[in-house]
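First comes the structure, then the notes that go with it.
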Amino acid sequence: MPKMKTKSGAKKRFRLTGTGKVIAGQAGKRHGMIKRTNNQIRNQRGTTILAECDGRVIRKSFLPNG
């Protein structure tokens, strides 16, 4: 059986915490900042922890080796 490879796009976009949660960059910051509120722009800085159901898909399908 061949080894399972990590998806190369996923290694650039996601990281795993020590407890196995998935960290990803915030969505919605590429363009159109004029129409967003300052509060929304501030809250979308940095990274966020994905929801458990989304994280399960990422871990199983895209990051099989952690």
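Going left to right, the sequence shown walks through residues 1 to 66 as UniProt numbering numbers them. Glycine included, each C-beta is placed from N, C-alpha and C at the ideal position. The structure displayed is predicted, hence computed values, not measured ones.
#1: Decide if G55 is buried, meaning its Cβ has at least 16 other Cβ atoms within 10 Å, or exposed.
#2: If you pair each beta-carbon of the segment 27 to 34 with each one of the segment 56 to 66, do three or more pairs fall below 8 Å?
#3: From N38 to K21, what does the alpha carbon distance come to, in whole angstroms?
#4: In the segment 16 to 60, which residue ranges form an unbroken alpha helix (DSSP H) of at least 4 residues, counting only runs that do not cross its ends?
#5: Below 6 Å CB to CB, which residues in the same chain sit around T48 once its five sequence neighbours on both sides are set aside?
A quick look at the data gives this:
#1: buried
#2: no
#3: 29 Å
#4: 38 to 43, 52 to 57
#5: Q26
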